[in-house]
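The block underneath contains the structure these notes are about, expressed in structure tokens.
Residue numbers (my numbering): 57 to 247.
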């Protein structure tokens with residue numbers, strides 16, 4: 057039995073504001089593939105300390121996560137590929153950026169906790185899939201976690217690029233909140 061597609065308020069906003077910019081032949085899976093393609097470039101820019109360009113590309117790349125989900129739900133284009141690779145693309149982007157930036161500028165423990173939690177979330181999803189579950193998707197805690205992680209990176213980049221030391225503490229707090237929401241996500245739903 058197919059699960060009903062739940063269109064959120066955010067999906068409706070994105071469908072009205074941004075999705076008209078994309079022709080109908082562009083599918084959500086194209087945006088997921090684009091995120092997978094852009095992630096190594098984001099990583100390269102951050103690794104080489106080109107934080108402004110890397111930050112702009114990171115924001116655009118992370119935004120494709122919101123767009124592909126909204127596009128899939130509002131255009132009724134949800135696929136098995138998207139269900140599997142969309143969260144994987146998110147975790148690859150976040151974990152590598154956390155490894156490069158949070159490890160260096162925030163706190164080694166926070167970075168490793170985020171990375172380990174993301175790995176456990178992936179493992180939990182694989183176990184659910186292996187047990188025959190076809191309904192594997194993020195819950196509200198996971199969505200909040202992802203947003204906090206993205207905002208944590210953005211705030212950290214603002215601190216680095218514009219040399220605003222106070223934002224470092226704000227970024228660190230944002231990552232700790234993301235850790236709390238990742239834990240809630242894991243224990244309330246599994247991914």
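Heads up, the beta-carbon is just placed ideally off N, CA and C, and yes, glycines get one too.
Can you tell me which of the three DSSP states residue i falls into?
{"i": "residue 217", "result": "helix"}
{"i": "residue 246", "result": "Per-residue confidence for residue 246 stands at a pLDDT of 48, beneath the threshold of 50, marking its modelled position as unreliable; the derived number appears in the next sentence. Coil, per DSSP."}
{"i": "residue 84", "result": "helix"}
{"i": "residue 60", "result": "coil"}
{"i": "residue 203", "result": "helix"}
{"i": "residue 76", "result": "helix"}
{"i": "residue 133", "result": "coil"}
{"i": "residue 194", "result": "coil"}
{"i": "residue 174", "result": "helix"}
{"i": "residue 185", "result": "helix"}
{"i": "residue 162", "result": "coil"}
When we look at the beta-carbon of residue i and count the other beta-carbons within 10 Å, is it buried (16 or more) or exposed?
{"i": "residue 69", "result": "exposed"}
{"i": "residue 225", "result": "exposed"}
{"i": "residue 222", "result": "exposed"}
{"i": "residue 136", "result": "exposed"}
{"i": "residue 158", "result": "buried"}
{"i": "residue 243", "result": "exposed"}
{"i": "residue 138", "result": "buried"}
{"i": "residue 107", "result": "buried"}
{"i": "residue 101", "result": "buried"}
{"i": "residue 84", "result": "buried"}
{"i": "residue 162", "result": "buried"}
{"i": "residue 247", "result": "Confidence at residue 247 is low in this model, with a pLDDT of 47, below 50, so the placement of that residue should be treated as unreliable; the coordinate-derived value is given next. So residue 247 counts as buried."}
Within its chain, find whatever has a CB closer than 7 Å to the CB of residue i; leave out the 5 residues flanking it on each side and keep chain order.
{"i": "residue 237", "result": "197, 200, 201, 204"}
{"i": "residue 114", "result": "98, 153, 209"}
{"i": "residue 232", "result": "166"}
In its own chain, which residues sit with a C-beta less than 8 Å from the C-beta of residue i, not counting the 5 before and 5 after it?
{"i": "residue 122", "result": "66, 70"}
Using a Cβ-Cβ cut-off of 6 Å (strictly less than) and excluding sequence neighbours within five positions of residue i, which residues of its own chain qualify?
{"i": "residue 150", "result": "205"}
How do the region 207-215 and the region 176-189 stand: do at least 3 beta-carbon pairs fall below 8 Å, yes or no?
no
Please confirm if the region 179-188 is in contact with the region 113-129, defined as three or more CB-CB distances below 8 Å between the two stretches.
no
Decide yes or no for the touch test of the region 137-147 against the region 89-106: beta carbon pairs closer than 8 Å, at least 3 of them.
yes
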